[in-house]
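Asker: One point on numbering: in the UniProt record's numbering, the residue at position 13 of the sequence shown is 13, and numbering is uninterrupted. Before anything else, here's the structure in question.
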Amino acid sequence: MTSDPTGTGAPVPHKRLRELDFFVGSWDAPGVFHETPFGPRKPIRMRIDGAREQRGFWITLGTAELPTPENPAPLSARYVWGYDPATGEFVADWYDSNGGRAVQRSAGWVGDRLRFQGTITMNGATVPLRDTFTRRGADAYHHVGEIDLGEGWIPVDEEEAVRA
Numbered sequence: 001m002t003s004d005p006t007g008t009g010a011p012v013p014h015k016r017l018r019e020l021d022f023f024v025g026s027w028d029a030p031g032v033f034h035e036t037p038f039g040p041r042k043p044i045r046m047r048i049d050g051a052r053e054q055r056g057f058w059i060t061l062g063t064a065e066l067p068t069p070e071n072p073a074p075l076s077a078r079y080v081w082g083y084d085p086a087t088g089e090f091v092a093d094w095y096d097s098n099g100g101r102a103v104q105r106s107a108g109w110v111g112d113r114l115r116f117q118g119t120i121t122m123n124g125a126t127v128p129l130r131d132t133f134t135r136r137g138a139d140a141y142h143h144v145g146e147i148d149l150g151e152g153w154i155p156v157d158e159e160e161a162v163r164a
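Dropping the structure here:
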């Protein structure tokens, strides 16, 4: 956080937060929930809306799966991303419509890859979680969410997002 260059004294977001501006906007993201111990494989269609909020200190991503015959109980979730200048890391909080919540951190983009890693708590259990976003140009990215149940990383969900 720094002071407002206009002289009002109001704090302004750290300049590194602009590195996440790629995600601001609307996205269509078809994909799949992989088979896991929590459920069978199913196709998903997702809408993602990213915005800067709270005077630009946070980037929020609202995700909403669309109901389909294969996915009659769609999930919705909210990501809140920020930047912690004390640690030099991006921070991510996440919560969903099934009661799940996650806390993650990231060093930032490495080339075209952004990886957040931390933990997710769902149904009373907390496990390691990582989300990897890979840019595929100015208007597309691939996302994979993975968990580790003690035997290595397994994919949970995967989407190909295209700017709407």
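Glycine included, each C-beta is placed from N, C-alpha and C at the ideal position.
(1) Once the 5 residues before and after R136 are set aside, which same chain residues still bring their CB inside 7 Å of it?
(2) Can you give me the C-alpha to C-alpha distance between E65 and G7, rounded to a whole angstrom?
(3) Rounded to whole angstroms, what is the Cα-Cα separation between V32 and T87?
(4) Mind checking who residue 167 pairs with in its DSSP beta bridge?
(5) Determine which residues share a DSSP beta bridge with V127 and list them.
(6) Relative to the alpha-carbon of Q117, which residue among F38, T68, E146 has its alpha-carbon at the smallest distance?
(7) Give the secondary structure of F90 by DSSP, where H, G and I count as helix, E and B as strand, and everything else as coil.
(8) Could you tell me whether the stretch 47-55 touches the stretch 91-102, using the rule of 3 or more Cβ pairs below 8 Å?
(9) Between residue 167 and G9, what straight-line distance do the alpha-carbon atoms span, to the nearest angstrom?
(10) Please list, in chain order, all residues of the same chain as T63 whose beta carbon is under 7 Å from its beta carbon, the five residues on each side excluded.
(11) Would you mind listing the beta strand (DSSP E) stretches within the stretch 40-75 that are 3+ residues and don't spill past its ends, in chain order?
(12) Could you spell out where the beta strand (DSSP E) holding R101 opens and where it closes?
(13) Roughly how many whole angstroms lie between the Cα atoms of A92 and D112?
(14) Between S26, I44, W58, A161, which lies nearest to P67 when the distance is taken from Cα to Cα?
Answerer: A quick look at the data gives this:
(1) For the purposes of this step, residue 136 is taken as residue 136 along the sequence shown, with counting starting at 1. For R136, same chain residues with a beta-carbon under 7 Å away, outside a window of 5 residues either side, are H142 in chain order.
(2) Sequence index remark: in the sequence shown, residue 65 carries index 65 (1-based). Sequence index remark: in the sequence shown, residue 7 carries index 7 (1-based). Those two C-alpha atoms are separated by around 44 Å.
(3) Counted from its first residue, the sequence shown places residue 32 at position 32. Counted from its first residue, the sequence shown places residue 87 at position 87. Straight-line Cα distance between these residues: approximately 34 Å.
(4) What the structure shows of the chain is the stretch from 1 to 164, and residue 167 is not part of that stretch, so it cannot be assessed.
(5) Counted from its first residue, the sequence shown places residue 127 at position 127. I120, per the DSSP bridge assignment.
(6) Translated into positions along the sequence shown, residue 117 becomes position 117. Its Cα nearest to that of Q117, the residue E146 stands out among F38, T68, E146.
(7) By 1-based counting over the sequence shown, the position of residue 90 is 90. Secondary structure at F90: strand, using DSSP grouped into helix, strand and coil.
(8) no
(9) Because residue 167 is not part of the residues shown, which for the chain are 1 to 164, the question remains open.
(10) Position 63 of the sequence shown holds residue 63. Closer than 7 Å at the Cβ level, and outside the excluded window around T63, lie M46, I48, S76, A77.
(11) The stretch 40-75 is shown to contain whole beta strand (DSSP E) runs of 3 or more residues at 42-53, 58-65, in chain order.
(12) Looking up residue 101 in the sequence shown gives position 101. Element bounds for R101: 101-106.
(13) Counting from 1 along the sequence shown, the entry for residue 92 is found at position 92. Counting from 1 along the sequence shown, the entry for residue 112 is found at position 112. So the two alpha carbons sit approximately 19 Å from each other.
(14) Start at 1 with the first residue of the sequence shown, and residue 67 comes out as number 67. Nearest option by C-alpha distance: I44.
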